[in-house]
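Novice:
Residue numbers (this note's numbering): 1368 to 1510.
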């Protein structure tokens, strides 16, 4: 029968190994894209990637920058939080900004879809997620 010290060491090694494996699965990816009928809002930011059994999840802070023609006094910028779930070529998630929560639904390789905020109106969104530190263009993944 193993000694209590040996049992504790084995349990500690298992816990440390499990924690390291979980941490190793989280990676940082860049997010970019546009929102609006005329692509008047630019999306930039970094999202943490976590692989789950039904698919992949991304979450993090992004910056929305108004780049439309009517930005006479300079580009307006907003900080937002984004949470996405990707599985089977479909992207769903939420965008939280300025006391508003918007739902994102997109699909296909270009990440084209719709954003629905508190107003209830669907607005086009295009979203690209790629590695934050890229070594090759082939490392990019489109959703």
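Using N, Cα and C, we set each Cβ at its ideal position, and we do this for glycine too. As the structure is a prediction and not an experimental result, all values here were calculated from the model.
(1) Taking residue 1436 as the reference, give the member of 1484, 1407, 1468 with the closest Cα.
(2) Would you kindly report the start and end of the unbroken beta strand (DSSP E) that includes residue 1406?
(3) Would you kindly work out how many angstroms separate the C-alpha atoms of residue 1398 and residue 1433, rounded to a whole number?
(4) Using the rule of at least 16 other Cβ atoms within 10 Å of the residue's Cβ for burial, across every protein chain shown, is residue 1445 buried or exposed?
(5) For residue 1495, which residues in the same chain have their Cβ closer than 7 Å to its Cβ, ignoring the five residues on either side in sequence?
(6) My understanding is that residue 1449 touches residue 1462, with C-beta atoms under 8 Å, so please give their C-beta distance in whole angstroms.
Specialist: The structure says:
(1) As a first step, residue 1436 is located in the chain shown; it is residue number 69 there, counting from the start. Out of 1484, 1407, 1468, 1407 has the C-alpha closest to the C-alpha of residue 1436.
(2) If you number the chain shown from 1, residue 1406 lands on position 39. Where residue 1406 is concerned, there is no enclosing beta strand (DSSP E), because DSSP gives it neither an H nor an E.
(3) The count along the chain shown starts at 1 and reaches residue 1398 at position 31. The count along the chain shown starts at 1 and reaches residue 1433 at position 66. Roughly 16 Å between the two C-alpha positions.
(4) Sequence index remark: in the chain shown, residue 1445 carries index 78 (1-based). Residue 1445 counts as exposed, since fewer than 16 other C-beta atoms from the protein chains shown sit within 10 angstroms of its C-beta.
(5) Locating residue 1495 in the chain shown gives position 128, where the first residue counts as 1. For residue 1495, where only same-chain residues beyond five positions count, the Cβ hits under 7 Å are 1399, 1400, 1478, 1509.
(6) Locating residue 1449 in the chain shown gives position 82, where the first residue counts as 1. Locating residue 1462 in the chain shown gives position 95, where the first residue counts as 1. With a beta-carbon spacing of about 5 Å, residue 1449 and residue 1462 fall inside the 8 Å limit used to define contacts.
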